[in-house]
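Data first, discussion second: the structure below is written as structure tokens.
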Amino acid sequence: MVRPENGAGPVKLAVKDLAIHYGPKSALAGVSLDVREHEIFGIIGPANSGKTSFLRALNRMDLHTTGMRVEGSIHLDGRDVRKWRNVYALRRQIGVVFPLPVGLPLSVYDNVALSPRLRGIKNKADLDVVVERCLTRAALWDEVKDRLDSLGSLLSGGQQQRLTIARALSQDPKLLLLDEFSIAVDPVTTMRIEDILRTLKDEITIILVTNLVQQARRLADRTAFFLSGEFVEVGETEDLFTGAVRDPRTRAYVEGRFG
Amino acid sequence: MFEATELNRKNQKTERLWRLLFLMMTVLLILPVLIILGVLIYHGGPMITIDFLFTEPTNGMTAGGILPALVGTVWLVAVALLVSVPIGIAAALYLSEYAADNWLTRSINLAIINLAGVPSIVHALFGVGAFVLFFRFGTSILAASLTLAIMTLPVVIVATRESLQAVPHAFREACWNMGASRWQTIRHVVLPNSVSGILTGVILEVSRTAGETAPIMFTGAAFFLPFLPQSVFDQTMAMSLHLFVISTQVPGVPENLPFGVALVLISMVLAMNALSIAFRMVLRGRKKW
Ligand SMILES: Nc1ncnc2c1ncn2[C@@H]1O[C@H](COP(=O)(O)OP(=O)(O)OP(=O)(O)O)[C@@H](O)[C@H]1O
Ligand SMILES: [Mg+2]
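Chain order of the listed sequences is A and B. Offset between the first sequence (1-based) and my numbering: plus 95. Offset between the second sequence (1-based) and my numbering: plus 779.
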């Protein structure tokens, strides 16, 4: 597959004037950005800047959060996410990986097979194929192929995080959201996952929230900077580090002289 | 070398003191239970024979067995459970998994907790008014069981809700993010991991139901009725009421008879509790996070 040049791909996700409130409190405001197909889109920003809230708005988790209000518009493949008649179908297109690995209390196999099963795939042979493919893509297959029946929650933290990625991939997502995935993972595993992401980007669009600016620099084609609920700016990732950006706060943050 | 300071030593002493105090309280708590059991077994144990369990009372309840009461209690508990368990679990699922966290839900939760504290005699009078008179079930197993069901519903709801809430929220979020509906999430992740707690709650409720006297006294339990019930519209004898009657209302009852009845009743309850503990241990062993 030929990868489009940076910035050349069609728009996958279009966000316009997005604002998020929890009750009366504003968590994020003024976000307008486009994520293009087959890019890794980085989001950086210190704690409490609204990064997780942004991801939650994309797959309509506001429906499950009392008091969470989302304004503005979010279009996935040109369709307003709030106009999907079936929110479950929307969420199946969006895989999510959390900061702390959430191995569901099911076997390794069932963790990965759950999403296909929810979609109605029952045939064991079909499921086997999906499970092996997703675990392989998450670089976990070799480690767990002999213990597919043991509990997913008993794997090591790093393995569980890759299991979470395999589970997200089992949805066959068009968009993959990663929220500070490396927070509980050792550096070696982090590097392995980063390699996986680079290969995945041929097929999937990835949004990578990270509090490691160097990780954004290693992976992201373009990066947005959020600060205390404010959308500061978005640009080519390298530009954020070489000073070709407009806002001095971005420069200060990536260079670690902040606050 | 580390030397214990004055403060260290003092802390250690207080630590021992508290430990002793708590231990004493625990012993104090178990003691009455052990005494009750001991007395019951001592006086009632010799009463328990196959005949005692499987024949009817005779001679104005001063002799014979307890079969109708035993069977009646099983009927009452079974019908009450059939009503309260499905309703209770459904209500708990709604409150825990579906209802938005707003003032209405919170007041419903509060109401349920308070409902659990309503005295059983009040439930009894409600049962008379509602089931015996208004719905015209008469004094019958149905009316008595419905009264018991209403009385125990709050317990089932609270126990179920607590086991549901014990399943980490992150699991639900992970499922929802995958595109699972609320029901799929409940079915695949929440219920399988809370079923042990729910079962325990239900079984504890059974034992409570079996021992209640007031709610069934006016609604369906008979003083003396040496036949087995044929349908839910019959009256029946019950263990708890039978015990009350032969201990206080009938002259000339041999001294050991009430002990025997009480021993059977408490054994039923304890057997249920043992079952619930066994369940808990089996399912705990498979705890998954
Ligand atoms: N469910 C919620 N209810 C109320 N307020 C919330 C909720 N979730 C997040 N917030 C608030 O929204 C703001 C932004 O939080 P968010 O989790 O999006 O930040 P973040 O950038 O992901 O931070 P971190 O880097 O620490 O993960 C915070 O002030 C937080 O208190
Ligand atoms: Mg976050």
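Each residue gets a CB set at the ideal place from its N, CA and C atoms; glycine is no exception.
Item, Value
"What span of residues does the alpha helix (DSSP H) with H116/A cover, start to end?", "Segment 106–117 is the beta strand (DSSP E) holding H116/A; no alpha helix (DSSP H) there."
"Please confirm whether any heavy atom of ligand 2 lies closer than 7 angstroms to the CB of D274/A.", "yes"
"Could you check what DSSP says for F321/A in three-state terms: helix, strand or coil?", "strand"
"Do you know offhand how far P343/A's Cα is from T300/A's?", "29 angstroms"
"Return the first residue and the last residue of the alpha helix (DSSP H) that D221/A is part of.", "219–232"
"Within 10 angstroms of the Cβ of V176/A, are there 16 or more other Cβ atoms? Answer buried if so, exposed if not.", "buried"
"Of all the CB atoms in chain B, is at least one closer than 8 angstroms to the CB of P194/A?", "no"
"Within the continuous alpha helix (DSSP H) that includes D334/A, where are the two ends?", "332–337"
"Note down, in chain order, each residue of its chain lying with its Cβ closer than 7 angstroms to the Cβ of R312/A, except the 5 sequence neighbours on either side.", "T332, F336"
"Measuring only from the beta carbon, is T305/A closer than 7 angstroms to any heavy atom that is part of ligand 2?", "no"
"Under a Cβ-count criterion, where at least 16 other Cβ atoms within 10 Å of its own Cβ denotes burial, should W797/B be classed as buried or exposed?", "exposed"
"When every heavy atom of ligand 1 is checked, does at least one fall within less than 7 angstroms of the C-beta of S144/A?", "yes"
"Go to S924/B, then tell me how far its alpha helix (DSSP H) extends in each direction, as first and last residue.", "920–944"
"Return yes when at least one heavy atom of ligand 3 lies under 7 angstroms from the C-beta of A122/A, else no.", "Ligands present in the displayed structure are limited to ligand 1 and ligand 2, and ligand 3 is not among them."
"Could you run through the segment 947–976 of chain B and flag, in chain order, every residue whose CB is less than 9 angstroms away from some CB of chain A?", "P947, A949, F950, R951, E952, A953, C954, W955, N956, M957, G958, A959, S960, R961, Q963, H967, V968, P971, N972"
"Hey, would you say V1032/B sits closer than 8 angstroms to F1002/B, going by beta carbons?", "no"
"Do A848/B and M1018/B have their C-beta atoms within less than 8 angstroms of each other?", "yes"
"Does the distance between the C-beta of G162/A and the nearest non-hydrogen atom of ligand 1 fall short of 7 angstroms?", "yes"
"Counting contacts by CB-CB distance shorter than 8 angstroms, is A878/B in contact with chain A?", "no"
"Using 8 angstroms as the limit for Cβ to Cβ distance, is T300/A near chain B?", "no"
"Please name the residue, chosen from P196/A, A208/A, L209/A, that lies closest to G252/A on a Cα-to-Cα basis.", "P196/A"
"When every heavy atom of ligand 2 is checked, does at least one fall within less than 7 angstroms of the C-beta of T147/A?", "yes"
"Does L1062/B come out as helix, strand or coil in the three-state DSSP assignment?", "helix"
"Please confirm whether any heavy atom of ligand 1 lies closer than 7 angstroms to the CB of G376/A.", "For chain A, the structure presents residues 96 to 354; residue 376/A sits outside this window and is missing."
"Hey, would you say the C-beta of Y117/A is under 7 angstroms away from at least one heavy atom of ligand 1?", "yes"
"Between which residues of its own chain and R98/A is the CB-CB distance below 8 angstroms, once the five residues before and five after are set aside?", "Because R98/A carries a pLDDT of 44, less than 50, the predicted location of this residue cannot be relied on, and the following value inherits that uncertainty. Closer than 8 angstroms at the Cβ level, and outside the excluded window around R98/A, lie H133, K296, D297."
"For G137/A versus L123/A, is the C-beta spacing smaller than 8 angstroms?", "no"
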